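Take the sequence shown: its letters are residues 1 to 484, numbered as in the UniProt record's numbering.
Positions of the beta carbon are idealized from the N, C-alpha and C atoms, including for glycine.
Remember, it's a predicted structure, so these values are computed and weren't measured experimentally.
This report concerns only the one structure given below.
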Amino acid sequence: MHNKTLAELSHALHQREYSSVELTRYFLERIERLDTQINSFISVTAEMALAQAQAADQRLQSGNASPLTGIPIAHKDIFCTEGVKTSCGSKMLDNFIAPYNATVVEKCHTAGLVMLGKTNMDEFAMGSSNETSFYGPVKNPWDTQAVPGGSSGGAVAAVAARLAPVATGTDTGGSIRQPAALCGITGLKPTYGLVSRYGMIAFASSLDQGGPIGDNAKDVALLLNVIAGFDERDSTSLNHPQEDYTAHLNDSIAGLKIGLPKEFFGEGLNAEVGKIVEAAIKELEQAGATLHEIELPHTHLSVPVYYIIAPAECSSNLSRYDGVRFGHRCENPQDLLDLYKRSRAQGFGAEVKRRIMIGTYALSAGYYDAYYLKAQQIRRLISNDFTDAFKQVDVILGPTSPTTAFKIGEKVNDPISMYLSDINTISVNLAGLPGLSIPAGFVNQRPVGLQLIGNYLNEARLLNVAHQYQQRTDWHRQNPPKFL
1 MHNKTLAELS
11 HALHQREYSS
21 VELTRYFLER
31 IERLDTQINS
41 FISVTAEMAL
51 AQAQAADQRL
61 QSGNASPLTG
71 IPIAHKDIFC
81 TEGVKTSCGS
91 KMLDNFIAPY
101 NATVVEKCHT
111 AGLVMLGKTN
121 MDEFAMGSSN
131 ETSFYGPVKN
141 PWDTQAVPGG
151 SSGGAVAAVA
161 ARLAPVATGT
171 DTGGSIRQPA
181 ALCGITGLKP
191 TYGLVSRYGM
201 IAFASSLDQG
211 GPIGDNAKDV
221 ALLLNVIAGF
231 DERDSTSLNH
241 PQEDYTAHLN
251 DSIAGLKIGL
261 PKEFFGEGLN
271 AEVGKIVEAA
281 IKELEQAGAT
291 LHEIELPHTH
301 LSVPVYYIIA
311 PAECSSNLSR
321 YDGVRFGHRC
331 ENPQDLLDLY
341 KRSRAQGFGA
351 EVKRRIMIGT
361 YALSAGYYDA
371 YYLKAQQIRR
381 LISNDFTDAF
391 KQVDVILGPT
401 SPTTAFKIGE
411 KVNDPISMYL
421 SDINTISVNL
431 AGLPGLSIPA
441 GFVNQRPVGL
451 QLIGNYLNEA
461 RLLNVAHQYQ
471 QRTDWHRQNP
481 PKFL
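Rendered as structure tokens:
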């Protein structure tokens with residue numbers, strides 16, 4: 001059952017070939033048996049899952065079921081889930097039981113999906129390798145000596161290892177797309193504001209975006225149908241009419257204009273990864289697409305801009321963790337200042353502290369104009385580059401990551417090298433655009449991802465292109481050998 005698509009699982013459930021309880025038990029057993037190899041889950045909510053599965057079976061029997069009723073799902077441990085620990089991968093929130101559901105969790109529950117548990121992640125979503133988690137690193141199912149990518153590495157690894165059919169993740173600078181590329185699955189970062197951020201613990205508020213993770217484009221489209229939509233509780237939510245993201249999956253891509261930014265194919269791109277991307281481009285060309293070389297001239301500034309804006313926003317957002325209201329509190333504080341200092345020193349890991357310090361510095365008096373304000377001005381230039389590009393082409397294509405997965409520990413003491421892992425994904429978040437990563441091949445048994453970037457609210461087009469590519473290839477059907 002773990003190799004079936006969402007459509008196949010949904011059909012089987014609606015035809016009563018097996019129950020949601022049976023399906024849920026099946027995946028819970030796989031998690032118990034196999035997750036020790038990759039550490040993709042922080043919490044497994046077996047009792048809650050079986051209760052939700054029983055309720056789903058009643059809905060299926062009564063004929064009052066939605067397309068995904070009874071389907072198991074895993075949520076990144078950044079989404080608040082009522083009555084369940086929501087840790088954000090941090091010691092700071094190791095004891096935090098969320099009193100309410102995030103909108104994404106609520107929408108999934110309303111649609112009848114069954115929550116298997118909460119997945120591991122880089123602490124407060126800060127990282128590109130899933131090595132900063134308080135609960136230990138997640139391992140790549142294709143090579144357990146390698147990283148899965150981050151920060152949604154747990155959610156992505158769980159889907160890649162077929163421990164969950166689909167999952168939710170978040171993407172601040174590539175945190176869905178980069179691990180999707182390194183683990184060989186499909187992951188979508190929607191247009192900023194399309195998926196509600198209410199109840200999604202904040203890292204960098206102007207960049208964070210929740211999104212769906214699945215085996216293939218159609219699975220991702222089905223889950224996006226559930227989680228997308230306006231939410232009055234989120235001031236950044238877009239009041240965009242509800243779409244059916246599966247409606248145009250089978251449309252022809254003949255005449256589609258694909259932009260190839262020369263900045264994505266230059267220095268730093270692994271030669272073997274480049275060959276695989278070129279093969280994917282030829283596949284799309286054979287399907288009728290046309291190729292156009294474009295320029296995104298400010299792309300090289302995206303990493304420095306991101307690492308001013310994101311830490312600045314993180315410095316502000318994480319100031320709430322002071323040991324007073326919730327989260328980790330040091331023992332026997334001498335006074336209020338000691339409470340603040342020791343609670344934060346003990347609760348946060350090294351990468352989170354590093355980004356808080358950078359952000360606080362960038363926002364401090366005398367440096368705000370030189371750093372934060374200048375970064376926001378360059379952010380506008382990066383956004384304008386995409387606006388100009390989409391006057392010429394329909395979608396933009398390139399490698400999601402310039403390399404395949406690297407070894408665990410290889411870059412942990414080299415933050416700059418780690419930050420450059422997201423060189424091809426960060427600009428999409430800075431501009432607020434949708435981006436999608438799909439599997440395109442392997443280099444030395446490690447997956448390579450192909451990134452598609454669309455104009456604002458053009459998720460349906462990206463999913464259409466991805467689906468047409470996946471109709472012509474079978475990279476998305478490959479399973480890690482240890483998880484067959």
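The continuous alpha helix (DSSP H) containing S343 extends over residues 336-347. Pairing F326 with L93 gives a Cβ-Cβ distance under 9 Å.
When secondary structure is reduced to three states using DSSP, Q61 falls in the helix class. With fewer than 16 other CB atoms across the displayed protein chains lying within 10 angstroms of its CB, D338 is exposed. Taking the C-beta atoms as reference points, S66 is found no nearer than 9 Å to N120. Less than 9 Å divides the Cβ of E283 from the Cβ of R472.
Leaving aside the five residues that flank V428 on each side, the residues in its chain whose CB is nearer than 6 Å to its CB run, in chain order, G435, I453. DSSP, read as helix, strand or coil, puts P165 in coil. By the Cβ test, the stretch 24-38 is in contact with the stretch 155-162, since at least three Cβ pairs between them sit closer than 8 Å. A Cβ-Cβ contact shorter than 9 Å links A228 with E459. Contact between G173 and D422 holds: CB atoms are separated by about 5 Å, below the 8 Å threshold. Taking every protein chain shown into account, the CB of I416 has fewer than 16 other CB atoms within 10 angstroms, so this residue is exposed. The bridge partners DSSP lists for R446 are V443. Per DSSP, the unbroken alpha helix (DSSP H) holding M357 starts and ends at 350-363. Excluding five sequence positions before and after H298, the CB atoms of its chain that fall closer than 6 Å to its own CB belong to L381, I382, D385, given in chain order. Assigned with DSSP and collapsed to three states, L284 falls in helix.
The beta-carbon distance between H292 and V393, rounded to whole angstroms, is 5 Å. This is short enough to meet the 8 Å contact definition.
In the three-state reduction of the DSSP assignment, D143 falls in the strand class, which pools E and B.
When N270, S364, I308 are compared, the shortest CA-CA separation from P447 is found for N270. Remark: C-beta atoms of F96 and S87 approach each other more closely than 9 Å. Segment contact: the stretch 13-29 against the stretch 57-64, three or more CB-CB distances shorter than 8 Å; contact assigned. Counting other Cβ atoms within 10 Å of its Cβ, S235 stays below 16 and is therefore classed as exposed. Residue range 72-76 is occupied by the beta strand (DSSP E) that includes A74. Counting along the chain, G117 sits inside the beta strand (DSSP E) bounded by residues 114-119.
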